[in-house]
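Notes for the one structure printed next.
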Amino acid sequence: MNYAAIGLDRSRDTALYLQLCDALVAAIDSGELSPGERLPSERDLAAQLEVSRTTVINAYDELRARGLVRGQVGRGTFVDARPDHTDAPFAWRGKVSLGALRTLDPTVGWITNAASEGYPLGPVITFAAALPAVDTFPIEKLQTALVEVLERYSLRVLAPSPTAGQPELRSAGAQHVGARPEQVLVVAGATQGIDLVARCLLDPGDTVIMDRPGYLGALHIFRASGTSIIGWDIERADLDELEDLIVRYRPKLLYTNPTFQNPTGRVLRRSVRQDLLELANRYRLPILEDEPYRELGFDGPGRRPAPPPTLFSLDRNALVIHIHTFSKTLAGGLRIGLVAAAEEIIDQLKLFKQRSDVTSPGIEQFLVARMLSGSFFNQHIQRLRGEHQLRATCMLDALEEHVPPGLLALEPATGGMYLWLTLRNRLDSRELLRRAEAEGVVFVPGDAFYADGSGKHQFRLCYSAVPPAAIDEGIAKLGSLLST
Ligand SMILES: Cc1ncc(COP(=O)(O)O)c(C=O)c1O
Numbered sequence: 006m007n008y009a010a011i012g013l014d015r016s017r018d019t020a021l022y023l024q025l026c027d028a029l030v031a032a033i034d035s036g037e038l039s040p041g042e043r044l045p046s047e048r049d050l051a052a053q054l055e056v057s058r059t060t061v062i063n064a065y066d067e068l069r070a071r072g073l074v075r076g077q078v079g080r081g082t083f084v085d086a087r088p089d090h091t092d093a094p095f096a097w098r099g100k101v102s103l104g105a106l107r108t109l110d111p112t113v114g115w116i117t118n119a120a121s122e123g124y125p126l127g128p129v130i131t132f133a134a135a136l137p138a139v140d141t142f143p144i145e146k147l148q149t150a151l152v153e154v155l156e157r158y159s160l161r162v163l164a165p166s167p168t169a170g171q172p173e174l175r176s177a178g179a180q181h182v183g184a185r186p187e188q189v190l191v192v193a194g195a196t197q198g199i200d201l202v203a204r205c206l207l208d209p210g211d212t213v214i215m216d217r218p219g220y221l222g223a224l225h226i227f228r229a230s231g232t233s234i235i236g237w238d239i240e241r242a243d244l245d246e247l248e249d250l251i252v253r254y255r256p257k258l259l260y261t262n263p264t265f266q267n268p269t270g271r272v273l274r275r276s277v278r279q280d281l282l283e284l285a286n287r288y289r290l291p292i293l294e295d296e297p298y299r300e301l302g303f304d305g306p307g308r309r310p311a312p313p314p315t316l317f318s319l320d321r322n323a324l325v326i327h328i329h330t331f332s333k334t335l336a337g338g339l340r341i342g343l344v345a346a347a348e349e350i351i352d353q354l355k356l357f358k359q360r361s362d363v364t365s366p367g368i369e370q371f372l373v374a375r376m377l378s379g380s381f382f383n384q385h386i387q388r389l390r391g392e393h394q395l396r397a398t399c400m401l402d403a404l405e406e407h408v409p410p411g412l413l414a415l416e417p418a419t420g421g422m423y424l425w426l427t428l429r430n431r432l433d434s435r436e437l438l439r440r441a442e443a444e445g446v447v448f449v450p451g452d453a454f455y456a457d458g459s460g461k462h463q464f465r466l467c468y469s470a471v472p473p474a475a476i477d478e479g480i481a482k483l484g485s486l487l488s489t
């Protein structure tokens, strides 16, 4: 912002400090000054505007009282937020913590709402939500499992569970991820797992290295923790590049989603996984391995649905914290996930979980444990993979049919839930989204997956949650927008 251009008029009745305050409010409101930006020091601004330092101090005090800026000892004065509506009775923004202000990005909320309000075939066709084909879930099996759980555990389902989780689920979950029950903490979905790890390991000012592009929910969590986020190009997956980043930034944590990665669908090869572990061990760097999709590989010529082993299973040095969730294989609404790691860190995470929500709801835990026992889960996954593969093919066919050739670059999915696309005509995907929303179709624009705002010409389409007919309808609408 060009502060020297602020015009203060000594002949007006309004005090100079209020004129200055109004000018800065207008700049914050218009976005010329954005949240997080540092204002000049009082002395510098006073010199630039040829006013007394008291005028600037009073203007900054007024902005602080309105909750628009915040002083940080020894660092200066920073823009906090846009002004509340003029009729807001209380400036809540000014009371909110700095960590909360770092997470103003509404993308996760927007995706979740689009999914829950219209799911699966409501007013919008949502290629945004990262969900399995829940519309094909065998609901009668859920009903049977629920009756069995109630008969077997009776009132126990209503008692608070141990913080680490119901022993039945810890045990079934441990078997599922290749750990011992004491190494497992039951959490409210992968999101809570990542959040607990961030709270437990990271201080403001630390650095995290994560996939670039990478899972946007993790990006939000790390941003809120006040860490610097450095991207490791997951498409190249070059370990020399990663080592350079480690040496340069001395990170506290490496976060990766190595299998059917969100958003690119990439799978890290076994040899890369082994070298990655070796590198992390050399630099004593903990790895947070987020693995929601590994069971969702497609069959294909020369391809097995089973991906390479998890980093957790290959780790010989107890440096991997593994996160698993049933949101992508059973249902996102169950909110059941698992963290598996060395007992020392699980004990620490347990304390954070206790502070956050004491324990996860019991009925869901018994239900998931029940569904993991016997043959249901494996049969379900096999069927789900088939359904997802069908939907992926349907989306690829629809793109070929409805989108002008050469306009999009993409690689067919080999598993997971997404297609990751690049607009070759350099159209901004947020602009495409704006137009698509008006037609009742939504997706996630590419910049949501980058810490540095790159990815403007990319976007992610999730095929798994949308039935084939709606996939064709939605892609036809996108295609006609891209043809004009
Ligand atoms: C890599 C990754 N981790 C975690 C999650 C969130 O999982 P949950 O719904 O279990 O919190 C997602 C969902 O999109 C994801 O893609």
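Our numbering puts the sequence shown at residues 6 to 489. Cβ coordinates follow ideal geometry from the N, Cα and C atoms, glycine included. Only a predicted model underlies this, so the values are computations on that prediction, with no experimental measurement involved.
Original post:
Are the segment 207-218 and the segment 368-378 touching by the rule of at least three beta carbon pairs closer than 8 angstroms?
Top reply: no
Original post:
residue 344 bridges to which residues according to DSSP?
Top reply: 190 and 328
Original post:
Should residue 365 go down as buried or exposed, given a rule of 16 or more other Cβ atoms within 10 Å for buried?
Top reply: buried
Original post:
For the segment 174-224, which segments carrying the alpha helix (DSSP H) assignment without a break, of at least 4 residues, lie completely within its bounds, in sequence order?
Top reply: 194-206
**OP:** Compute every distance between the C-beta of residue 220 and the non-hydrogen atoms of ligand 1, then say whether any falls below 7 angstroms.
**Re:** yes
**OP:** State the beta-bridge partners of residue 77 as determined by DSSP.
**Re:** 81
Subject >> Exposed unless 16 or more other CB atoms sit within 10 angstroms - verdict on residue 452 >> reply: buried
Original post:
From this set, 16, 44, 78 and 79, which residue's C-alpha is nearest residue 64's C-alpha?
Top reply: 44
Subject >> Close-in-space but distant-in-sequence residues of the same chain around residue 194 (CB under 6 angstroms, 5 per side omitted) >> reply: 330, 332, 340 and 342
Original post:
Would you call the CB atoms of residue 60 and residue 8 closer than 8 angstroms?
Top reply: no
Original post:
Near residue 37, what residues of its chain come up, given a Cβ to Cβ distance below 6 angstroms and the 5 sequence neighbours on each side ignored?
Top reply: 6
Original post:
Over what stretch of residues does the beta strand (DSSP E) that includes residue 431 continue unbroken?
Top reply: Note, residue 431: premise wrong, no beta strand (DSSP E); not H, not E.
**OP:** Would you mind reading off the limits of the alpha helix (DSSP H) that contains residue 251?
**Re:** 244-254
Original post:
Do residue 46 and residue 81 have their C-beta atoms closer together than 8 angstroms?
Top reply: yes
Original post:
Within this structure, are the beta carbons of residue 129 and residue 446 separated by less than 8 angstroms?
Top reply: yes
**OP:** Thinking residue 462 and residue 431 are a contact (beta carbons under 8 angstroms), I'd like their distance in whole angstroms, please.
**Re:** 5 angstroms
**OP:** Report buried or exposed for residue 246, applying the criterion of at least 16 other Cβ atoms within 10 angstroms of its Cβ.
**Re:** exposed
**OP:** Tell me whether residue 238 sits in a helix, a strand or coil according to DSSP, three-state version.
**Re:** strand
**OP:** Indicate, with yes or no, if ligand 1 has a heavy atom lying under 7 angstroms from the CB of residue 485.
**Re:** no
Subject >> residue 295 beta carbon near ligand 1 (any heavy atom closer than 7 angstroms) >> reply: yes
Original post:
Using a threshold of 7 angstroms, is the CB atom of residue 330 nearer than that to any non-hydrogen atom of ligand 1?
Top reply: yes
**OP:** Name, in chain order, the residues that DSSP records as bridge partners for residue 292.
**Re:** 259 and 325
Subject >> DSSP bridge partner residues for residue 157 (one or two, in chain order) >> reply: Paired residues: none, contrary to the question.
Subject >> Alpha-carbon spacing of residue 142 relative to residue 27, whole angstroms >> reply: 56 angstroms
Original post:
Can at least three beta-carbon pairs, one atom from the segment 392-406 and one from the segment 184-199, be found at a separation below 8 angstroms?
Top reply: no
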